[in-house]
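Enquirer:
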Amino acid sequence: MLNDTTRQIQIRSAKGPARLSFGAESLWYLDRLTPNSPVYNVPFLCRLRGKLDVSAFRKSLDALVDRQEVLRSQFLPLAGCPVSFVLHKRPVGLKEVELGFLPDWQQEAEVQRRAKEEAMRPFNLARDPLLRAFLYRLAEQEYRFLFVTHHIIFELGSLAILYRDLSCFYNAFVSAGSAQLPDLTFHASDFARWQRKVLEGEHLEKLNRYWRRQLSGAPTLDLPLDFPRPRIHTHRGIRYFFEMAPELVSQANLFFRHTGTTPYRGLLAAFYIFLHCYSGLTDISVGSPFASRCPGIENTIGFFANTLVLRIDLSGDPNFRDIIKKVDRTVLRAMANSDLSFEKIVEAVQPPRDPSRTPLFQISFRGRTQPYSSLQLSRIAADSPEFLDNGTAKFDLALELEASTGKACFFEYCSDLFKPQTIREMKDNFEALLGALIAEPNLPLTTVREVKRIIRSKAHTGNVGSC
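Residue numbers for the sequence shown follow this note's numbering, beginning at -6 and rising by one.
(1) With a Cβ-Cβ cutoff of 8 Å, do Tyr257 and Ala153 count as a contact?
(2) Look at the alpha carbon of Val441 and the alpha carbon of Glu110, and state the distance between them as a whole number of angstroms.
(3) Tell me, please, which residues DSSP counts as bridged to Arg137.
(4) Expressed to the nearest angstrom, what Euclidean distance is found between the alpha-carbon atoms of Val35 and Ala108?
(5) Mind checking which residues open and close the alpha helix (DSSP H) that includes Arg361?
(6) Please classify Pro239: does DSSP put it in a helix, a strand, or coil?
(7) Take Glu405 as the anchor and find which of Pro10, Tyr233, Ala329, Ser366 has the nearest alpha-carbon.
(8) Identify, in the order they occur along the chain, each residue of the same chain with its Cβ nearer than 6 Å to the Cβ of Val457, setting aside the five sequence neighbours on each side.
(9) Taking Glu395 as part of the beta strand (DSSP E), name the residues at either end of that continuous run.
(10) Under a three-way DSSP split, which group does Glu91 fall into?
(11) Please return the same chain residues whose Cβ sits closer than 6 Å to the Cβ of Leu394, not counting the five positions on each side in sequence.
(12) Taking the alpha carbon of Val47 as the reference point, which residue from Arg60, Pro10, His81, Arg130 has its own alpha carbon closest?
(13) Closer than 6 Å by C-beta to Lys400: which residues in its own chain qualify, once you throw out the five before and the five after it? Chain order, please.
(14) Nearest CA to the CA of Ile305: which residue from Thr362, Phe248, Arg326?
(15) Go to Asn299, then tell me how far its alpha helix (DSSP H) extends in each direction, as first and last residue.
(16) Which residues in the same chain have their Cβ closer than 7 Å to the Cβ of Gly93, if we skip the five residues on either side of it in sequence?
(17) List the endpoints of the continuous beta strand (DSSP E) containing Leu45.
(18) If you drop the 5 nearest sequence neighbours on each side, which residues of the same chain put their C-beta closer than 6 Å to that of Gln369?
(19) Tell whether a beta-carbon distance below 8 Å holds between Leu124 and Phe138.
(20) Given that a residue counts as buried once 16 or more other Cβ atoms are within 10 Å of its Cβ, and exposed if not, what is Gly73?
(21) According to DSSP, simplified to helix, strand and coil, what is Val76?
(22) Comparing C-alpha positions only, which one of Ser14, Ser371, Leu436 sits nearest to Arg189?
(23) Can you tell me which of Leu353, Val320, Pro344 puts its alpha carbon nearest to the alpha carbon of Asp389?
(24) Can you give me the Cβ contacts of Ser151 inside the same chain, cut-off strictly under 7 Å, excluding the 5 residues immediately before and after it?
(25) Quick one: grab the DSSP three-state call for Arg120.
(26) In three-state DSSP terms, what is Ala386?
(27) Taking only the alpha-carbon atoms, compute the straight-line gap between Phe297 and Leu87 and give it to the nearest angstrom.
(28) Whole angstroms are fine: how far does the CA of Pro212 sit from the CA of Pro413?
(29) For Leu410, count the other beta carbons within 10 Å of its own beta carbon; 16 or more makes it buried, fewer makes it exposed. Which is it?
(30) In angstroms, rounded to a whole number, what distance separates the CA positions of Ile266 and Asp276?
(31) Just tell me which of Gln105, Arg202, Ile317, Ile146 has its CA closest to the CA of Leu307.
(32) Counting along the chain, where does the alpha helix (DSSP H) carrying Gln414 start and finish?
(33) Let me know the secondary structure DSSP gives Gln67 once reduced to three states.
(34) Return helix, strand or coil for Ala172, following the three-state DSSP convention.
(35) Can you tell me whether Asn383 is buried or exposed? The criterion is at least 16 other CB atoms within 10 Å of its CB, across all chains shown.
(36) Taking 8 Å as the cut-off, does the stretch 98 to 108 touch the stretch 21 to 34 (at least 3 CB pairs, one atom from each stretch)?
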């Protein structure tokens, strides 16, 4: 990765239209290909208890948008290329919704219904405010706060920043003080300009060579499906939320620590074995999102994530410990070459294109090391936020695990391919497999496949293939 980036990033002198980063530009084109789709909506809902100063909360949201220019940006074409325009002012317009008149048993269901409706309402990137905020009041000191934004301006690394800034502004307003926040060195448009400047010449060619060597010829990962694969990926999907057994999480983290790996890499290694058990493949590629924040943008909200494609060779009958070592090496090398955005990796590798599948990988894995950040509002108890289901799936299958507690985990799956019962079985099978791997980490892969108590037969569904 590039070093000493703070000396290379420069604040744009002009404040007119700005080119997007490669990742944000790709999201803009995807939005044009699938207009009126909520697939890249990012919705979070959290519970607030206490005497909330709604006026101060409203002013805090507006102060947040004033501070973070990407939250008041518009994205539209100029001379054939997408650009961003930053508006001078763009109030959030917090919408208050009174639900206290409903019976207690009905309130939460109504919150969930309204929140999901908002999570599924698409954005117009050229016209709409890209942060929608709602405050549902259930009782005098009981609220639910929902915000929905678009991925083009927000990734999960931005959540902690948004909650920190919002909390700081609110606490300052209710105490008649001033918000003490770190200065913003750079904005998203500064990062985009820097990225386009450095990804050229020998550095770009070196990255291209690495990813072509790593991913050329990678096979498609086909899992047994419940339905024929549509000719075009529709993005219709469901999130199946679950909690891992606490004792399994504790045992897994202890094993990973003793093995000298991280929970993320250990769980990813188990997921490769899980996919091998379902597919029979020994050459497996999985996409995994990584933060790509460089020095100077630690406090900036925006889209600073990159998806890396991690290809693992499971041939030679390795055991769990061997596969963890393979994953360790693969992740470290991928991170050393992570300056190249996923969109540029696809350009470099030039895989066969299939409109029914995403290029280079069809299965995604994210491992979080701690729960989502929470609001820290004065005299208000705020629960950890809930990442809502917006009725879409970006890939055939995605697994997100929270490694510290095992809570707020989910499978996100394409409902055109899988039945809910199949995903519930996958969850049970993954937990059973993980427990067995920790108990007997030296079992060779062929032996693991034969343990029927770990992965039950899929013969009742079968792979029905494509139309």
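We put the beta carbon where it would ideally sit given N, CA and C, even for glycine.
Since this is a predicted model, take the numbers as computed values, not measurements.
Expert: Concretely, from the data shown:
(1) For the purposes of this step, residue 257 is taken as residue 264 along the sequence shown, with counting starting at 1. For the purposes of this step, residue 153 is taken as residue 160 along the sequence shown, with counting starting at 1. It is not a contact, given that the beta carbons lie outside the stated cut-off.
(2) Indexing the sequence shown from 1 puts residue 441 at position 448. Indexing the sequence shown from 1 puts residue 110 at position 117. Whole-angstrom Cα-Cα distance: 43 Å.
(3) Numbered from its first residue, the sequence shown carries residue 137 at position 144. Answer is Arg40, Tyr129, bridged to Arg137.
(4) By one-based count along the sequence shown, residue 35 stands at place 42. By one-based count along the sequence shown, residue 108 stands at place 115. Spanning the two alpha carbons is a distance of roughly 12 Å.
(5) As a position in the sequence shown, residue 361 is number 368, starting the count at 1. Premise fails: Arg361 lies in the beta strand (DSSP E), 356 to 361, not in any alpha helix (DSSP H).
(6) Your numbering for residue 239 matches position 246 in the sequence shown. Here Pro239 sits in helix by DSSP.
(7) Stepping through the sequence shown from its first residue, residue 405 is reached at position 412. Closest option to Glu405, Cα to Cα, is Tyr233.
(8) Taking the sequence shown and counting its residues from 1, one reaches residue 457 at position 464. In this prediction, Val457 has a pLDDT of 37, which is less than 50 and means its spatial position is unreliable; nothing more can be read from the coordinates.
(9) Within the sequence shown, residue 395 is the residue found at index 402, counting from 1. Run containing Glu395: 390 to 395, per the beta strand (DSSP E) assignment.
(10) Residue numbering aside, residue 91 sits at position 98 when the sequence shown is read from its first letter. Of the three classes helix, strand and coil, the one that applies to Glu91 here is strand, per DSSP.
(11) Taking the sequence shown and counting its residues from 1, the one referred to as residue 394 is at position 401. Correct list, in chain order: Leu260, Gly360, Cys402.
(12) Looking up residue 47 in the sequence shown gives position 54. Nearest C-alpha to Val47: Arg130.
(13) The residue labelled residue 400 in the question sits at position 407 within the sequence shown. Once the five neighbours on either side are set aside, the close Cβ partners of Lys400 are Glu236.
(14) The count along the sequence shown starts at 1 and reaches residue 305 at position 312. Of the candidates Thr362, Phe248, Arg326, the one whose C-alpha sits nearest the C-alpha of Ile305 is Arg326.
(15) Translated into the one-based positions of the sequence shown, residue 299 becomes position 306. Here Asn299 belongs to no alpha helix (DSSP H); instead the beta strand (DSSP E) covers 298 to 306.
(16) The sequence position of residue 93 within the sequence shown is 100, counting from 1. Arg130, Leu131, Ala132.
(17) Looking up residue 45 in the sequence shown gives position 52. Element bounds for Leu45: n/a, residue is neither H nor E.
(18) Reading the sequence shown from its first residue, position 376 is the one you call residue 369. Here the set comprises Ser160.
(19) For this step, residue 124 is matched to residue 131 along the sequence shown. For this step, residue 138 is matched to residue 145 along the sequence shown. Result no, Cβ atoms of Leu124 and Phe138 do not sit closer than 8 Å.
(20) Against the sequence shown, residue 73 aligns to sequence position 80. Exposed, because fewer than 16 other Cβ atoms sit within 10 Å of the Cβ of Gly73.
(21) On the sequence shown, residue 76 is found 83 positions in, with the first residue counted as 1. Residue state, collapsed to three classes: strand.
(22) Your numbering for residue 189 matches position 196 in the sequence shown. That would be Ser14, whose Cα lies nearest to the Cα of Arg189.
(23) Reading the sequence shown from its first residue, position 396 is the one you call residue 389. Selected option, being the one with the closest Cα: Leu353.
(24) Taking the sequence shown and counting its residues from 1, the one referred to as residue 151 is at position 158. Cβ within range, chain order: Ile294, Gly295.
(25) In the sequence shown, the residue the question calls residue 120 occupies position 127. In the structure shown, Arg120 sits in coil (DSSP, three-state: anything other than H, G, I, E or B).
(26) Locating residue 386 in the sequence shown gives position 393, counting from the first residue. In this structure, Ala386 counts as coil in the three-state DSSP scheme.
(27) Along the sequence shown, one-based indexing puts residue 297 at 304. Along the sequence shown, one-based indexing puts residue 87 at 94. Cα to Cα, the separation comes out at about 26 Å.
(28) Position 420 of the sequence shown, counted from the start, is the residue given in the question as residue 413. Position 219 of the sequence shown, counted from the start, is the residue given in the question as residue 212. Cα to Cα, Pro413 sits roughly 27 Å from Pro212.
(29) Here residue 410 is taken as the residue at index 417 of the sequence shown, counted from 1. It is buried - the Cβ of Leu410 has at least 16 other Cβ atoms within 10 Å.
(30) One-based indexing of the sequence shown puts residue 266 at position 273. One-based indexing of the sequence shown puts residue 276 at position 283. Looking at the two C-alpha atoms, the distance is approximately 11 Å.
(31) Translated into positions along the sequence shown, residue 307 becomes position 314. Of Gln105, Arg202, Ile317, Ile146, the residue nearest in Cα terms is Ile317.
(32) In the sequence shown, counting from the first residue as 1, residue 414 sits at position 421. Counting along the chain, the alpha helix (DSSP H) containing Gln414 begins and ends at 413 to 432.
(33) The count along the sequence shown starts at 1 and reaches residue 67 at position 74. In this structure, Gln67 counts as strand in the three-state DSSP scheme.
(34) Position 179 of the sequence shown, counted from the start, is the residue given in the question as residue 172. Three-state result, Ala172: coil.
(35) Residue mapping note: residue 383 aligns to position 390 of the sequence shown, counting from 1. With 16 or more other Cβ atoms within 10 Å, it is buried.
(36) no
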